[in-house]
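Colleague:
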Amino acid sequence: MLALMSGRPRCGNPAAAPRTLREVGASELPPVVLVTGASSGLGLAIARALLRRRYRLILTARESSLHRFAKHGIFPSERVWLRALDVTSAADRKAVVAEANARWGGVDVLVNNAGISLRAVVEHVSDADRALQMDVNFIAPIELSRLVLPSMRKKRSGRILNISSVGGMMAMPTMSTYSASKFALEGASEALWYEVRPFGIYVTLVQPGFIKSESFRNVMYTGPSKAASDTVHSAYHWHYHFMEGFIGRVARRVFATPDSVAAKVVRTIQLKHPPLRIPATFDATLFSLLRRLLPRSAYHWFLYRSLPGIQTWAPPSTDIPVAPPVVETDDATNAADADIVFTLGRP
Ligand SMILES: NC(=O)c1ccc[n+]([C@@H]2O[C@H](COP(=O)([O-])OP(=O)(O)OC[C@H]3O[C@@H](n4cnc5c(N)ncnc54)[C@H](OP(=O)(O)O)[C@@H]3O)[C@@H](O)[C@H]2O)c1
Numbered sequence: 088m089l090a091l092m093s094g095r096p097r098c099g100n101p102a103a104a105p106r107t108l109r110e111v112g113a114s115e116l117p118p119v120v121l122v123t124g125a126s127s128g129l130g131l132a133i134a135r136a137l138l139r140r141r142y143r144l145i146l147t148a149r150e151s152s153l154h155r156f157a158k159h160g161i162f163p164s165e166r167v168w169l170r171a172l173d174v175t176s177a178a179d180r181k182a183v184v185a186e187a188n189a190r191w192g193g194v195d196v197l198v199n200n201a202g203i204s205l206r207a208v209v210e211h212v213s214d215a216d217r218a219l220q221m222d223v224n225f226i227a228p229i230e231l232s233r234l235v236l237p238s239m240r241k242k243r244s245g246r247i248l249n250i251s252s253v254g255g256m257m258a259m260p261t262m263s264t265y266s267a268s269k270f271a272l273e274g275a276s277e278a279l280w281y282e283v284r285p286f287g288i289y290v291t292l293v294q295p296g297f298i299k300s301e302s303f304r305n306v307m308y309t310g311p312s313k314a315a316s317d318t319v320h321s322a323y324h325w326h327y328h329f330m331e332g333f334i335g336r337v338a339r340r341v342f343a344t345p346d347s348v349a350a351k352v353v354r355t356i357q358l359k360h361p362p363l364r365i366p367a368t369f370d371a372t373l374f375s376l377l378r379r380l381l382p383r384s385a386y387h388w389f390l391y392r393s394l395p396g397i398q399t400w401a402p403p404s405t406d407i408p409v410a411p412p413v414v415e416t417d418d419a420t421n422a423a424d425a426d427i428v429f430t431l432g433r434p
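Once you know that position 185 of the sequence shown is 272 in this note's numbering, the rest is easy, because the numbers rise by one and skip nothing.
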């Protein structure tokens, strides 16, 4: 088995010799890049970075979000299509890829960026909640990959970049379903990496950690998680209280920005041999090192001990109201967060 796996580019088939991006995509025409969730957040930063270079772009967003492109000065042109794509809609997915196949000879680079993030402990997630999270973060990227692969295989080149997360290498409390979706994406992408390398196609998992942006405000709560977050009597109230505050604070303080992560995405597209995984922020690099270097038990012990306010997460009785544990907070993050939480279904 080892001998089988250690050989030099065995997957190499002369016709599938790796090519640089400039060569990806037929002849003189610039490569075609399709980006999902491109009207805001990281997707928008990726779109802007790609617009500065020579690509043909298919920038997609949900129908209701398409208007944002104009607000950001992005307009359709000969080399830029703006298309409605709700990634959970099989019809939308098929229509966009069919048009790309018919008019531009297929997609050369697929950037699966669209994602949602549920904040809920395992006990607060219903089947429907879980299905929604998995639909957007896992099933949609894989289904889009299935649609673009036939033309990539035919050309014997292509790139699929799946925006994963530190949540795809480590799980955080209150983010169980989000982590499950990213772990699933990581597993499927890893398998796909082996499957399509023989065709000269590269799959990469881009793993951002915390990004300095307002995107954390888009986190969604399930009915029970919202209620528990709002109610001090709930058994899980302090789990939410501390994790909300912690994530909000960190997201405001880190150095990584949507632009810095977008620059990594573009550099990855241009690599001759993009790796399977790219940690895209400093904390992602750190966590991937910790995960690899520390024995598992030490790793989990370390993370558990580092959780904010962990000693007070389960007060002796959750049947009676308890005073908020005294833990240092540095600003009004929690109060501010309380105004912006969304229940399932965004505005
Ligand atoms: N921000 C971070 O700290 C961070 C860290 C690690 C990983 N990530 C990953 O980075 C990616 C981008 O996240 P972000 O930070 O830019 O978050 P964001 O600001 O909330 O953007 C998410 C994007 O996904 C789109 N989207 C959601 N559901 C969709 C659907 N059904 N169909 C099509 N588009 C949909 C949203 O469109 P609407 O505007 O229409 O809702 C939005 O454009 C995600 O995969 C996320 O998991 C982010």
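Glycine residues also receive a C-beta, built at the ideal position from the N, C-alpha and C atoms. These numbers come from a predicted model, not from an experiment.
Using 10 angstroms around the beta-carbon of ASP195, count the other beta-carbons present and answer buried if the total reaches 16, otherwise exposed.
Modeller: Walking along the sequence shown from the start, residue 195 turns up at place 108. With 16 or more Cβ atoms within 10 Å of its Cβ, ASP195 is classed as buried.
Colleague: Are ARG166 and PRO118 touching if we call contact CB-CB under 8 Å?
Modeller: Working through the sequence shown from its first residue, we reach residue 166 at position 79. Working through the sequence shown from its first residue, we reach residue 118 at position 31. Going by C-beta atoms, ARG166 is not nearer than 8 Å to PRO118.
Colleague: Are the Cβ atoms of PRO345 and GLY128 separated by less than 8 Å?
Modeller: To locate residue 345, count along the sequence shown from 1; it is residue 258. To locate residue 128, count along the sequence shown from 1; it is residue 41. Inclusion of PRO345 and GLY128 in the CB contact set at 8 Å is warranted, their separation being smaller than that value.
Colleague: Does at least one heavy atom of ligand 1 sit under 7 Å from the Cβ of PHE297?
Modeller: Counting from one through the sequence shown, the residue named residue 297 turns up at place 210. PHE297: yes, Cβ under 7 Å from ligand 1.
Colleague: Should ALA201 be counted as a contact of ligand 1 given a C-beta to heavy atom distance under 7 Å?
Modeller: As a first step, residue 201 must be located in the sequence shown, where it is residue number 114. Yes.
Colleague: Does the beta-carbon distance from THR261 to HIS324 come in below 8 Å?
Modeller: Along the sequence shown, one-based indexing puts residue 261 at 174. Along the sequence shown, one-based indexing puts residue 324 at 237. For THR261 and HIS324, no; Cβs fall outside 8 Å.
Colleague: Work out the CA separation of PRO402 and LEU248 for me, nearest whole Å.
Modeller: The sequence position of residue 248 within the sequence shown is 161, counting from 1. The sequence position of residue 402 within the sequence shown is 315, counting from 1. Each residue's Cα considered, the two are about 44 Å apart.
Colleague: Between the stretch 135-144 and the stretch 305-319, do three or more beta carbon pairs fall short of 8 Å?
Modeller: no
Colleague: With DSSP as the reference, identify every bridge partner of ILE250, one or two as the case may be.
Modeller: As a first step, residue 250 is located in the sequence shown; it is residue number 163 there, counting from the start. Residue pairing for ILE250: DSSP places it in a beta bridge opposite VAL293.
Colleague: Quick one: what does DSSP say LEU153 is sitting in, helix, strand or coil?
Modeller: In the sequence shown, counting from the first residue as 1, residue 153 sits at position 66. Here LEU153 sits in coil by DSSP.
Colleague: Indicate whether at least one CB of chain D lies closer than 8 Å to the CB of LEU279.
Modeller: Absent here is chain D; the protein component of the structure consists of one chain.
Colleague: Between the alpha carbons of ARG243 and LEU381, how many angstroms are there, rounded?
Modeller: Counted from its first residue, the sequence shown places residue 243 at position 156. Counted from its first residue, the sequence shown places residue 381 at position 294. Straight across, the Cα-Cα distance linking ARG243 with LEU381 is about 39 Å.
Colleague: May I ask you to report which of helix, strand or coil DSSP gives ALA171?
Modeller: Locating residue 171 in the sequence shown gives position 84, counting from the first residue. ALA171 falls in the strand class under three-state DSSP.
Colleague: Report the rounded CA-to-CA distance for SER268 versus ILE334, giving the unit in angstroms.
Modeller: Here residue 268 refers to the residue found at position 181 of the sequence shown. Here residue 334 refers to the residue found at position 247 of the sequence shown. Between SER268 and ILE334, the C-alpha separation is close to 19 Å.
Colleague: According to the Cβ coordinates, are ALA343 and PHE369 closer than 8 Å?
Modeller: Position 256 of the sequence shown, counting from 1, holds the residue named residue 343. Position 282 of the sequence shown, counting from 1, holds the residue named residue 369. Cβ atoms of ALA343 and PHE369: closer than 8 Å.
Colleague: Determine the DSSP secondary structure at THR147, reduced to helix, strand or coil.
Modeller: Walking along the sequence shown from the start, residue 147 turns up at place 60. Residue state, collapsed to three classes: strand.
Colleague: So for PRO366, helix, strand or coil by DSSP?
Modeller: Residue 366 sits at position 279 when you count from the first residue of the sequence shown. It is a strand residue.
Colleague: Please check the pair ILE365 and THR291, which I expect to be a contact at CB under 8 Å, by giving their CB distance rounded to whole angstroms.
Modeller: The count along the sequence shown starts at 1 and reaches residue 365 at position 278. The count along the sequence shown starts at 1 and reaches residue 291 at position 204. The Cβ separation is near 6 Å, so the contact holds.
Colleague: Are ALA371 and ALA136 close, meaning C-beta to C-beta below 8 Å?
Modeller: The residue labelled residue 371 in the question sits at position 284 within the sequence shown. The residue labelled residue 136 in the question sits at position 49 within the sequence shown. No, the Cβ-Cβ distance between ALA371 and ALA136 is not below 8 Å.
Colleague: Taking the alpha-carbon of LEU376 as reference, which of GLU282, TRP400, TYR265, MET256 has the nearest alpha-carbon?
Modeller: Within the sequence shown, numbered from 1, the residue matching residue 376 stands at position 289. Nearest C-alpha to LEU376: MET256.
Colleague: Considering only C-alpha positions, which residue in the set ALA132, LYS181, THR147 is nearest to GLY124?
Modeller: Translated into positions along the sequence shown, residue 124 becomes position 37. The candidate whose alpha carbon is nearest that of GLY124 is THR147.
Colleague: So the alpha helix (DSSP H) ASN188 belongs to, where does it begin and stop?
Modeller: Looking up residue 188 in the sequence shown gives position 101. Element bounds for ASN188: 177-191.
Colleague: Just mark GLY310 as buried or exposed, buried being the case when its beta carbon has 16 or more other beta carbons within 10 Å.
Modeller: Against the sequence shown, residue 310 aligns to sequence position 223. Residue burial is scored here from C-beta neighbours: GLY310 has fewer than 16 other C-beta atoms within 10 angstroms and is therefore classed as exposed.
Colleague: Using 8 Å as the threshold, is the C-beta distance between ILE288 and ASN200 below it?
Modeller: The residue labelled residue 288 in the question sits at position 201 within the sequence shown. The residue labelled residue 200 in the question sits at position 113 within the sequence shown. Not a contact, by the Cβ cut-off of 8 Å.
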